[in-house]
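Numbers 1 to 399, taken from the numbering used here, label the letters of the sequence shown in order.
We put the CB at the ideal spot given by N, CA and C, even for glycine.
Report on the following structure.
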Amino acid sequence: MKTIQLILKPGKEKPIKGRHPWVFSGAIDRIDDSFETGDLVSVFSAQKEFLGTGYLNPRSQIAVRMLSFEEGPINEKFFEQRIEHALGLRSRFIPPDTNACRLIHSEGDFLPGLIVDRYADYLVVQFQTAGIDRWRETILSILEARAGCRGIFEKDDSEMRGWEGLEKRVGRLVGEEPPDYVEIKEYGIPFIVDIHAGQKTGFFLDQRENRKLVSSHANGKRVLNTFAYTGGFSVYAARSGASRVVSVETSERALNTCRANFELNGLIEKNEKGDPPRFEFVKEDVFEYLRKTTEEFDLIVLDPPAFAKSQDHVMQASRGYKDLNLWAMKRLSRGGLLYTSSCSSYVNPDLFQKIVFAAAKDARRDVQILAKTSHAPDHPINVFHPEGEYLKGLLCLVG
């Protein structure tokens, strides 16, 4: 694969010299050759200083995603080394009794555009960008040889593929087709994962350590899990001895999977007395539920989807996050715990904390931050790419 020279405008080399993996379209002066989307480019400063090698997509605002800041070819050996490094990291930090994790985390593992998740014996991959998609056969061959799996499934149905000029693709790539639901374990807790039709790759692996943290405070508590999806936080809380768990979710398919995960864990109980069920599954909009319920909870989990999918949506998203946290605080008992999170990279940790502060002020509740949380270790953050720190959470005591 040929490598083309790309020259930056004067003064635009500083981020790349600081090893930031993105070159924005406005920083490019010229490209000294004909090119196609996904081609490799050698990036040079206006003074012709070599800065690194990346892949090009001129139709994207992020025109170049850097693969390396060193001299050297981008070839099969390069990808072997990067993938082996990522797999080695997981072997060191994945907890016991856990067979589901992120194996490759895009820029966090120095392979921008590539996501690989393990669910037991199956891998789910996303080639999110045109540049990484050009290397799909090489990457699949390495994964098949090094990762150990029965099958590799592609789940490229995100908007990002469209932005990159790529078609959405979903289906088996290598080996066996995964079943409709794959059973995994997380800290020994079994879950079924809807790989084919679930959100993202099927399960929110990035919240693993936060599920464990929150569940450590659930014993004997009345727990509300909003945006419950397939019940990760809910099952953890129930297994930890919560006196009541209410899971609220708008997707009927996800809520059915949530209920199935309770059954898988032996948590569904017969209720012959007609008492309110210990575990309840509610198909409803979370905002509507919080506004109309009169029930009080001791622990509330807010794990919403990204409200801000671009910088233009941050102000509107901030209002949504504030309202959500405000209503949650109103439904908490005195001394209750709120775990609140945002998975939007455009809402930075400082802004998110200010949003929670504003909600506490309007709710007229005293709030203390007990812990600040981020991704699980299998979602590493490249220190030169702060945008990769998308998930931020706060565990708060609400007085």
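Same chain only: Cβ atoms within 7 Å of HIS385, ignoring 5 sequence neighbours per side: HIS20, PRO21 and GLU107
First through last residue of the alpha helix (DSSP H) which encompasses ASN261: Residues 252 to 264.
Exposed unless 16 or more other CB atoms sit within 10 angstroms - verdict on ALA145: exposed
Contacts around MET329, its chain only, beta-carbon distance under 8 Å, and the 5 residues preceding and following it disregarded: Same-chain partners within the cutoff: LEU338, ALA359, ALA360, ALA363, ARG365, VAL367 and VAL398.
3 or more residues per run - each beta strand (DSSP E) lying fully within the region 68 to 114: 100 to 105
For GLN126, three-class secondary structure by DSSP: strand
Short Cβ contact (8 Å threshold) for ILE16 with VAL41: no
Nearest-angstrom Cα separation, counted from LYS322 out to MET315: 11 Å
Rounded separation between ASN99 and GLU209 - CA only: The alpha-carbon atoms of ASN99 and GLU209 are separated by roughly 14 Å.
PHE153 vs VAL223 beta-carbon contact at 8 Å: no
Simplified DSSP state of VAL235, which is helix, strand or coil: DSSP, read as helix, strand or coil, puts VAL235 in helix.
Secondary structure of PHE281, DSSP reduced to three states: strand
Given 8 Å, three or more beta-carbon pairs between the region 184 to 196 and the region 159 to 168: Using a C-beta cut-off of 8 Å, the region 184 to 196 makes no contact with the region 159 to 168, since fewer than three inter-stretch Cβ pairs fall below that distance.
Inter-residue spacing [alpha-carbon to alpha-carbon] between HIS379 and PRO304: 19 Å
Range covered by the alpha helix (DSSP H) that runs through LEU267: Premise fails: LEU267 is in no alpha helix (DSSP H) and is neither H nor E.
For ASN325, the three-state DSSP class (helix, strand or coil): Helix.
Per DSSP, the bridge partner or partners of THR3: LEU40
Start-end ranges of the alpha helix (DSSP H) lying completely within the region 135 to 219, minimum 4 residues: 136 to 146, 159 to 163 and 208 to 215
Enclosing beta strand (DSSP E) for ASP29 [first to last residue]: From DSSP, the beta strand (DSSP E) with ASP29 extends over 28 to 31.
Extent of the continuous alpha helix (DSSP H) to which LYS17 belongs: 14 to 17
Inter-residue spacing [alpha-carbon to alpha-carbon] between ARG291 and VAL214: 24 Å
Three-state secondary structure assigned by DSSP to ALA63: It is a strand residue.
Delimiting residues of the beta strand (DSSP E) encompassing ARG334: Element bounds for ARG334: 332 to 342.
Delimiting residues of the beta strand (DSSP E) encompassing VAL367: 367 to 373
Simplified DSSP assignment, three categories, for ARG118: strand
Segment contact flag, the region 224 to 241 with the region 344 to 353, C-beta cutoff 8 Å, min 3 pairs: no
Whole-angstrom C-beta distance between GLU76 and THR138, which should lie under 8 Å: About 5 Å separates the beta carbons of THR138 and GLU76, which is inside the 8 Å limit, making them a contact pair.
At least three beta-carbon pairs within less than 8 Å, the region 25 to 38 to the region 50 to 68: yes
Local Cβ density within 10 Å of ARG172, reported as buried at 16 or more and exposed below that: exposed
Nearest to THR373 (by Cα), restricted to the options LYS212, GLU71 and GLY231: For the residues LYS212, GLU71 and GLY231, the minimum Cα distance to THR373 belongs to LYS212.
Rounded C-alpha distance that separates ASN416 from TYR187: As displayed, the chain neither begins before 1 nor continues past 399, which places residue 416 out of reach and without an answer.
Within 8 Å, strictly: CB atoms of TYR122 and GLY151: yes
ILE31 versus GLY113: straight-line alpha-carbon distance, rounded: 22 Å
Integer-rounded CB distance, given that HIS375 should sit under 8 Å from TYR395: Checking the sequence shown, residue 395 turns out to be Leu, not Tyr. That belief does not hold up - the Cβ atoms of LEU395 and HIS375 are roughly 15 Å apart, past 8 Å.
Member of ASP39, LEU8 and SER68 whose CA lies at the smallest distance from the CA of GLU49: LEU8
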